[in-house]
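> To start, I am sharing the structure in question, which I have written as structure tokens.
Protein chains: 2
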Amino acid sequence: MPKISDKQRESRRQQILEAALACFAEDGFHQTGMADIVKRSGLSHGAVYLYFQSKDDLIEALADDRHRREAVLNSVAQGSGDPIEGLHALVRVYAQWLTDPAGEARRRVGIHGWAEALRNRRVRNSVVEGIDMPRALIVALVERGQHDGLIKRDIGAEAIARVLIAIFQGFVLQKCWGEDVDIEACMAAVAVVIEGFRTTKPDVRRRART
Amino acid sequence: MPKISDKQRESRRQQILEAALACFAEDGFHQTGMADIVKRSGLSHGAVYLYFQSKDDLIEALADDRHRREAVLNSVAQGSGDPIEGLHALVRVYAQWLTDPAGEARRRVGIHGWAEALRNRRVRNSVVEGIDMPRALIVALVERGQHDGLIKRDIGAEAIARVLIAIFQGFVLQKCWGEDVDIEACMAAVAVVIEGFRTTKPDVRRRART
DNA sequence: ACAAACTGACTGATCGATCGTTTTTTATTA
DNA sequence: TAATAAAAAACGATCGATCAGTCAGTTTGT
């Protein structure tokens, strides 16, 4: 007979994950000891190992950030209109995520995950898959924009997607290092970047959808 | 009386640094043991500690990448002409650095350094100072371009600099993760981004230099 | 009363760093 | 030129500390 309910069990799990997130955000994966996580969680060593098989298990559980993907997915729903407006919407979503004080720990752990991805195959898969979704979304938007003659056709949609993603990755770094980045001004610059992809002449050639 | 010359001494130092670079690139700072570096260097534990006080000393020595700064400085000399052409030149320099196979280890160590910068003040200072120089260079170019009416005045020069730097930071990540990034296509997209900063109308208003 | 949840002292392994010893090189002497 | 003394350089066995992970025993809720 289980002593605690599934809800309680999940709550304990989250309790440990939150402690681990805070510790990893402060000191990175490999400079954080299990003792730190244990102390912060308020539980004991044994209890933690009831919920996670190993420290690597915890790392992998935190390397995967589903919340952000869901936020992106929501913006997909809105992005069914003008492709370029879709790109702007996407930028807005990420800008908000970037400036949310509550997400500081997640961003820091994310950076540690980027480094860990260089040596841990499972973490790398998590990280790469994590950017695959927004990348595919941007590619779809751009290709639609190019098809409709709104976006320059001489640039690869894939290239545009990677540039936009790179911009946000770089901002996460610069922000987390504590540099005083004027996010608002930078987002304005990114908006100009996106407008730069727009065809200068309206390019009346607009083929019918297949 | 010294047994070995300064040249030999520096050579040994480099020998250790190269071993450490290779090890750190493979496994990160904290997953690399001194024993790994010792073995790779072909020396002994004691010998390594004759040249570096501690493992952290090695980390800090490698977190600072002067070579790249020098390359940027060289491109400064060329950038005395058209500001926008200066930006393109800068992109070319970084694109070359990004695709140089010999620089793979340095790029990977760089990423580990980005994560380490979150918890090690000295490493953070190295990293931040490392991007301060190209940032100042871009700001100078953009402000000159804006002054001459070549670059849109409604974007902050600082913001443009941070966007361009972020792009390259992101590309280093995506490249090192092993994703098949078409660097050439991406650089073409970046070129479009830069052109997007250009004033659409030539903006004849050109004030004389103060 | 019973079984699951939890505890925390404990373990073997591994870490960065040390230091007494050995090797190597150079300046000096024979 | 060959032998020698002296000192720096290099070595590597070894240290205490710390690590992730375990398990026999205790508590807790049903």
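So the protein sequences, as listed, match chains A and B.
The opening residue of the first sequence carries number 108 in our numbering; numbering runs sequentially from there.
The opening residue of the second sequence carries number 108 in our numbering; numbering runs sequentially from there.
Using N, Cα and C, we set each Cβ at its ideal position, and we do this for glycine too.
1. Give the residues from the segment 137-150 of chain B that approach chain A closer than 8 Å (Cβ to any Cβ), ordered along the chain.
2. With C-beta atoms as the reference, is Gln281/B less than 9 Å away from Ile272/A?
3. Please find out if some non-hydrogen atom of the ligand GDP comes closer than 8 Å to the beta-carbon of Ala209/A.
4. Kindly list, in the order they appear in chain A, the residues whose Cβ is closer than 9 Å to that of Leu165/B.
5. Identify which residue in Glu133/B, Leu257/B, Gly140/B, Val216/B has its Cα closest to the Cα of Asp189/B.
6. Closer than 9 Å, CB to CB, is Asp310/A near chain B or not?
7. Are the CB atoms of Asp163/B and Asn227/B nearer to each other than 9 Å?
8. Beta-carbon of Asp171/B versus every beta-carbon of chain A: anything under 9 Å?
9. Using beta carbons (cut-off 9 Å, strictly below), is Phe304/A in contact with chain B?
10. Between Ile245/A and chain B, is any beta-carbon pair separated by less than 9 Å?
11. Give the interface partners of Gly135/A over in chain B, defined as CB-CB distance under 8 Å, in chain order.
12. By the criterion of Cβ-Cβ separation under 8 Å, what are the contact partners of Phe278/A in chain B?
13. Taking its Cβ as the centre, do 16 or more other Cβ atoms sit within 10 Å of Arg173/B, making it buried, or is it exposed?
14. What residue does the alpha helix (DSSP H) around Phe131/B start on, and which one ends it?
15. What beta strand (DSSP E) runs, 3 residues minimum, are completely inside the segment 220-270 of chain B?
16. Below 8 Å CB to CB, which residues in the same chain sit around Glu250/B once its five sequence neighbours on both sides are set aside?
17. So which residues of chain B does Gln281/A contact, with C-beta pairs closer than 7 Å?
So, to answer that:
1. His137, Gln138
2. On the second sequence, position 174 is the one that residue 281/B refers to. On the first sequence, position 165 is the one that residue 272/A refers to. Taking 9 Å as the Cβ cut-off, Gln281/B and Ile272/A qualify as a contacting pair.
3. With respect to small molecules bound, the structure shown includes none, and the ligand GDP cannot be examined in it.
4. The residue you call residue 165/B lines up with position 58 of the second sequence. None at all; the shortest Cβ gap to chain A is about 16 Å.
5. Taking the first residue of the second sequence as position 1, residue 189/B is located at position 82. Answer by Cα proximity: Leu257/B.
6. On the first sequence, position 203 is the one that residue 310/A refers to. Summary for Asp310/A: the model assigns pLDDT 48, below 50, so the residue's position carries little reliability; its value from the coordinates is reported in the next sentence. No - not a single Cβ of chain B is within 9 Å of the one on Asp310/A.
7. What you label residue 163/B is simply residue 56 of the second sequence in a count that begins at 1. What you label residue 227/B is simply residue 120 of the second sequence in a count that begins at 1. Yes, these two residues count as a Cβ contact at 9 Å.
8. In the second sequence, residue 171/B corresponds to position 64, counting from 1. Not closer than 9 Å to any Cβ of chain A, the Cβ of Asp171/B fails to qualify, so no.
9. What you label residue 304/A is simply residue 197 of the first sequence in a count that begins at 1. Phe304/A counts as touching chain B.
10. By 1-based counting over the first sequence, the position of residue 245/A is 138. Closer than 9 Å: no.
11. Here residue 135/A corresponds to residue number 28 of the first sequence, with the count starting at 1. Within chain B, the residues near Gly135/A are His137, Ala222, Glu223, Leu225, Arg226.
12. The count along the first sequence starts at 1 and reaches residue 278/A at position 171. The contacting residues are Arg269, Ala273.
13. In the second sequence, counting from the first residue as 1, residue 173/B sits at position 66. Result: exposed.
14. As a first step, residue 131/B must be located in the second sequence, where it is residue number 24. Run containing Phe131/B: 113-134, per the alpha helix (DSSP H) assignment.
15. none
16. In the second sequence, counting from the first residue as 1, residue 250/B sits at position 143. These residues qualify, in order along the chain: Ala264.
17. For the purposes of this step, residue 281/A is taken as residue 174 along the first sequence, with counting starting at 1. Residues of chain B passing the Cβ test: Arg269, Ala273.
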